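Q: This is the structure I want to talk about, given as structure tokens.
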Ligand code: NI
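Residue numbers (our numbering): 101 to 271.
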């Protein structure tokens with residue numbers, strides 16, 4: 101069982117910059133394990149530490165098709181070092197419930213970081229995995245996918261959210 105809570109918009113922690121990880125210790129391993137559990141339980145294909153209230157540059161993800169089984173992955177201090185092409189993808193986020201919107205991203209990226217043991221890791225990603233990694237790395241910079249849609253669409257989302265909140269408090 102995981103006891104991590106996924107924070108949702110407009111929780112301030114989602115707008116903050118996560119700090120680079122300097123020590124990969126037992127505490128961090130625990131956070132990583134809990135993040136993976138939380139991601140699979142949600143279920144989601146990616147989760148950034150901000151989303152569970154931890155301001156460390158850590159993301160977990162699993163972009164493999166369900167029929168191939170799970171392939172839990174971790175990137176510490178991820179950084180996009182090359183990017184090309186463009187792709188539009190209907191994105192969703194565990195921190196932005198009940199909403200999807202098309203976002204423009206790079207279609208092919210190369211990402212550098214550390215694996216869970218602190219070994220340097222470089223990986224290439226395209227399409228869904230590239231979108232997922234850009235989305236998660238955005239979280240570490242305090243950016244949500246709704247920050248990358250038109251202001252009109254964003255305003256509509258906020259309106260919808262307000263209505264939902266109002267409905268809750270009226271019950
Ligand atoms: Ni997200």
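The C-beta atom is built at its ideal place from N, Cα and C for all residues, glycine as well.
Bear in mind the structure is a predicted one, so any value in this text is a computation, not a measurement.
Assign residue 255 to buried or exposed, taking buried as 16 or more other Cβ atoms, counted over all protein chains shown, within 10 Å of its Cβ.
A: As a first step, residue 255 must be located in the chain shown, where it is residue number 155. Exposed is the call here.
Q: Report yes if the C-beta distance between residue 176 and residue 213 is below 8 Å; otherwise report no.
A: By 1-based counting over the chain shown, the position of residue 176 is 76. By 1-based counting over the chain shown, the position of residue 213 is 113. If you check the CB distance, residue 176 and residue 213 come in under 8 Å.
Q: Going along the chain, which residues of its own chain have a beta-carbon closer than 7 Å to the beta-carbon of residue 232, five neighbours each way excluded?
A: Walking along the chain shown from the start, residue 232 turns up at place 132. Correct list, in chain order: 145, 146, 161, 163.
Q: Please classify residue 238: is it buried, with 16 or more other beta-carbons within 10 angstroms of its beta-carbon, or exposed?
A: Against the chain shown, residue 238 aligns to sequence position 138. The residue in question, residue 238, is buried, as its Cβ has 16 or more Cβ neighbours within 10 Å.
Q: Under 8 Å, with one C-beta from each stretch per pair, do the stretch 201-210 and the stretch 262-269 reach the 3-pair mark?
A: Flag = no, the stretch 201-210 and the stretch 262-269 do not touch.
Q: Identify, in the order they occur along the chain, each residue of the same chain with its Cβ nearer than 7 Å to the Cβ of residue 229, setting aside the five sequence neighbours on each side.
A: Residue 229 sits at position 129 when you count from the first residue of the chain shown. Cβ neighbours of residue 229 beyond the five flanking positions: 163.
Q: Hey, is residue 194 close to the ligand NI, as in C-beta under 7 Å from one of its heavy atoms?
A: Here the question's residue 194 lines up with position 94 in the chain shown. Yes; taking the cut-off as 7 Å, the Cβ of residue 194 has a heavy atom of the ligand NI nearer than that.
Q: Just to confirm my understanding: we take residue 172, look at its own chain, exclude 5 residues before and 5 after, and list those with CB closer than 6 Å. What are they?
A: Numbered from its first residue, the chain shown carries residue 172 at position 72. These residues qualify, in order along the chain: 136, 162.
Q: Which one of 250, 253, 252, 243 has the shortest CA to CA distance from residue 110?
A: Translated into the one-based positions of the chain shown, residue 110 becomes position 10. Closest by alpha carbon: 243.
Q: Is the Cβ-Cβ distance between residue 181 and residue 210 less than 8 Å?
A: Here residue 181 refers to the residue found at position 81 when the chain shown is read from its first residue. Here residue 210 refers to the residue found at position 110 when the chain shown is read from its first residue. Yes; because the gap between Cβ atoms is below 8 Å, this pair is in contact.
Q: Report buried or exposed for residue 178, applying the criterion of at least 16 other Cβ atoms within 10 angstroms of its Cβ.
A: Here residue 178 corresponds to residue number 78 of the chain shown, with the count starting at 1. Its Cβ being crowded by 16 or more others within 10 Å, residue 178 is buried.
Q: List the DSSP bridge partners of residue 204.
A: If you number the chain shown from 1, residue 204 lands on position 104. BP columns for residue 204 point to 188.
Q: Considering only residues of the stretch 116-172, which uninterrupted alpha helix (DSSP H) runs meet the minimum length of 4 residues and lie entirely inside it, listed in chain order?
A: 126-141
Q: Beta-carbon separation of residue 194 and residue 124 under 8 Å?
A: Counted from its first residue, the chain shown places residue 194 at position 94. Counted from its first residue, the chain shown places residue 124 at position 24. Not a contact, by the Cβ cut-off of 8 Å.
Q: Please name the residue or residues paired with residue 210 in a DSSP beta bridge.
A: As a first step, residue 210 must be located in the chain shown, where it is residue number 110. According to DSSP, which records beta bridges pairwise, residue 210 is partnered with 182, 224.
Q: Could you check whether residue 148 and residue 236 sit closer than 8 Å to each other, using their CB atoms as the reference points?
A: As a working note, residue 236 is residue 136 in the chain shown. As a working note, residue 148 is residue 48 in the chain shown. Going by C-beta atoms, residue 236 is nearer than 8 Å to residue 148.
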